[in-house]
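Novice: Protein chains in written order, with the numbering used here: chain A, 3 to 213; chain B, 3 to 213.
Please find one structure pasted underneath; my questions will follow.
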DNA sequence: TGTAAAAATGACTTATAGTCATTTAATTTA
DNA sequence: TAAATTAAATGACTATAAGTCATTTTTACA
């Protein structure tokens, strides 16, 4: 029964073609200023067909986000590999983010947009979301690093691992968010993205009060 | 010539009536699920009139945000007053945020939504935005505390004040954002909002690596 | 009380996400 | 292989809601 398999493959391909088209359109004009008709035209399909493969415009957006998240994920895994301590690995995660924001700026912007929106009421399939959290979300990597750091003594052991993980992750998200869409702060404070990132890594390690 | 003044007062009142109505509608159903027609009906005005007082739906949303920001601002000022060091005052700012999120949850949610959106392309008047940044935004209070803390020795002096300010502010925003709209993290990690806040204050002071 | 200016109205325009009855293509069956 | 069944694709259509503007109503004032 090779037909069912071929059909499945073709369906997957069509899905990816639609995502390719949507990426082209969305990244060029911005998602909010792009229409489903434009995506359909770029994909050389009718609009109705888009809705056979995706539940909604937001569903497409989330699928593109997942592509970016997968890239980020593998970058993190790779950059971490040679490092020893949990602390070193956590720092490398931060640096990977910076690299990602430079080399994949479209994906990065979308990543931050999705992460900073209320994920509870995204109009997307539950499965897609569950899949992301379990397999692509960087927070699971952060968690592993924190656990390791607590083990190897490079991270404080007097704070519960879950508290530390979610706090470090949240702080980092805040930093990325500001870098991504609060350019006015840079103007007002006359600082650069790199300053804020460096300072964040410093404070997350050593705190802001004198030793 | 008391007439011009009365007219001005009436205009201001009308504006506030519209905001009252919009708050009622928006906070009840959620902004995205509320229509301008509903706001008009609640305000007992026609839709066209709304647009004589506000540029757009987003402009109304931003004006409501400003109301909340003004409340938050005065709470911060008040709670800070009796405290001595910059460090103590910074901590009190964090606690005020928590209090605000509990006692003014609708304003808080909107505050986070606006702060975490890309403020550059909000469809609002430049003046409204400038006014906010200059007079209501909590970041200016943070900055004063940081400066004071550096002076009085309760905050590290080896990091430029502007870097420290924007970093601490960004971290706090990230924490608030996650608390506000990443409930799934709480489920997955089995933690509470209070845990993450407490941990954040601890790390922002003393860092995450062992002393 | 007549007129000019200001404020308010709501029917209308515009824009776009999402639907669904219909058509076209592929696959199975007799 | 022709007919029948199933799957895929279409695009005109619907629904919704933001924002506009010619017209009407109200107010100010001579």
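Backbone N, C-alpha and C define an ideal beta-carbon position, used for all residues, glycine too.
These numbers were taken from a predicted model, which means no experiment stands behind them.
Does residue 70 (chain A) get closer than 8 Å to chain B when you measure Cβ to Cβ?
Specialist: The residue labelled residue 70 (chain A) in the question sits at position 68 within the first chain. No, because no Cβ of chain B sits closer than 8 Å to the Cβ of residue 70 (chain A).
Novice: Taking residue 212 (chain A) as the query, report the chain B residues whose CB atoms sit under 9 Å from its CB, ordered along the chain.
Specialist: The residue you call residue 212 (chain A) lines up with position 210 of the first chain. Those are 155, 156, 157, 158, 159, 160, listed as they occur along chain B.
Novice: Which residues of chain B have a Cβ atom closer than 9 Å to the Cβ of residue 90 (chain A), listed in chain order?
Specialist: Position 88 of the first chain, counting from 1, holds the residue named residue 90 (chain A). Those within 9 Å of residue 90 (chain A) in chain B number zero; the least Cβ separation is about 11 Å.
Novice: Comparing alpha-carbon positions, which option in B:192, B:42, B:132 lies nearest residue 28 (chain B)?
Specialist: Taking the second chain and counting its residues from 1, one reaches residue 28 (chain B) at position 26. Nearest C-alpha to residue 28 (chain B): B:42.
Novice: Does the structure place the segment 10-23 of chain B close enough to the segment 181-189 of chain B that three or more beta carbon pairs sit under 8 Å?
Specialist: Not touching, per the Cβ criterion.
Novice: Tell me which same chain residues have a C-beta within less than 6 Å of the C-beta of residue 25 (chain A), skipping the five on either side of it?
Specialist: Here residue 25 (chain A) corresponds to residue number 23 of the first chain, with the count starting at 1. Here the set comprises 66.
Novice: Counting only runs of 4+ residues fully inside the segment 24-102 of chain A, write out the alpha helix (DSSP H) ranges in chain order.
Specialist: You should have 38-45, 49-55, 59-83.
Novice: From residue 206 (chain B) to residue 200 (chain A), what distance separates their C-alpha atoms?
Specialist: The residue labelled residue 206 (chain B) in the question sits at position 204 within the second chain. The residue labelled residue 200 (chain A) in the question sits at position 198 within the first chain. The alpha-carbon atoms of residue 206 (chain B) and residue 200 (chain A) are separated by roughly 14 Å.
Novice: Check this for me: beta carbons of residue 143 (chain A) and residue 151 (chain A), under 8 Å apart or not?
Specialist: Here residue 143 (chain A) is taken as the residue at index 141 of the first chain, counted from 1. Here residue 151 (chain A) is taken as the residue at index 149 of the first chain, counted from 1. Result no, Cβ atoms of residue 143 (chain A) and residue 151 (chain A) do not sit closer than 8 Å.
Novice: Give the DSSP-derived three-state secondary structure of residue 160 (chain A) in the structure shown.
Specialist: Mapped onto the first chain, residue 160 (chain A) falls at position 158. Three-state result, residue 160 (chain A): coil.
Novice: Give me the Cβ distance between residue 71 (chain A) and residue 134 (chain A), rounded to the nearest whole Å; I'm assuming they're in contact under 8 Å.
Specialist: The residue you call residue 71 (chain A) lines up with position 69 of the first chain. The residue you call residue 134 (chain A) lines up with position 132 of the first chain. At roughly 6 Å, the Cβ-Cβ gap stays under 8 Å, so residue 71 (chain A) and residue 134 (chain A) are in contact.
Novice: Taking C-beta pairs closer than 7 Å, name the residues in chain A that residue 118 (chain B) reaches, listed in chain order.
Specialist: Position 116 of the second chain, counting from 1, holds the residue named residue 118 (chain B). Result: 118, 179.
Novice: With 16 as the cutoff for other CB atoms within 10 Å, does residue 5 (chain A) come out buried or exposed?
Specialist: Along the first chain, one-based indexing puts residue 5 (chain A) at 3. Exposed, since its Cβ has fewer than 16 Cβ neighbours within 10 Å.
Novice: Of all the options A:49, A:148, A:14, A:54, which has the alpha carbon lying nearest to the alpha carbon of residue 95 (chain A)?
Specialist: The residue you call residue 95 (chain A) lines up with position 93 of the first chain. Measuring from the Cα of residue 95 (chain A), the nearest candidate turns out to be A:148.
Novice: Answer with buried or exposed for residue 64 (chain A), where buried requires no fewer than 16 other C-beta atoms within 10 angstroms of its C-beta.
Specialist: Mapped onto the first chain, residue 64 (chain A) falls at position 62. Flag for residue 64 (chain A) reads buried.
Novice: Can you tell me the Cα-Cα spacing of residue 106 (chain A) and residue 48 (chain B), whole angstroms?
Specialist: Within the first chain, numbered from 1, the residue matching residue 106 (chain A) stands at position 104. Within the second chain, numbered from 1, the residue matching residue 48 (chain B) stands at position 46. Each residue's alpha carbon lies about 47 Å from the other.
Novice: Taking C-alpha atoms, which residue in A:30, A:196, A:131, A:193 lies nearest to residue 68 (chain A)?
Specialist: Along the first chain, read from residue 1 onward, the residue named residue 68 (chain A) stands at position 66. Per the Cα distances, A:131.
Novice: Is it buried or exposed, residue 79 (chain A), if we count other Cβ atoms within 10 angstroms and call 16 or more buried?
Specialist: Locating residue 79 (chain A) in the first chain gives position 77, counting from the first residue. Result: exposed.
Novice: Where residue 155 (chain A) and residue 140 (chain A) are concerned, what is the direct C-alpha to C-alpha distance, given to the nearest angstrom?
Specialist: Position 153 of the first chain, counted from the first residue, corresponds to residue 155 (chain A). Position 138 of the first chain, counted from the first residue, corresponds to residue 140 (chain A). Using only the alpha carbons, I get a separation of about 22 Å.
Novice: Compare the beta carbon distance of residue 169 (chain A) and residue 208 (chain B) with 8 Å and say whether it is the shorter of the two.
Specialist: Position 167 of the first chain holds residue 169 (chain A). Position 206 of the second chain holds residue 208 (chain B). Not closer than 8 Å, so no.
Novice: On the CB-based measure, 16 or more other CB atoms within 10 Å of its CB, does residue 283 (chain A) come out buried or exposed?
Specialist: Because chain A is modelled from 3 through 213, residue 283 (chain A) falls outside the range shown and cannot be assessed.
Novice: Determine contact between the segment 73-88 of chain B and the segment 100-118 of chain B, defined as no fewer than three beta-carbon pairs at a distance below 8 Å.
Specialist: These segments touch.
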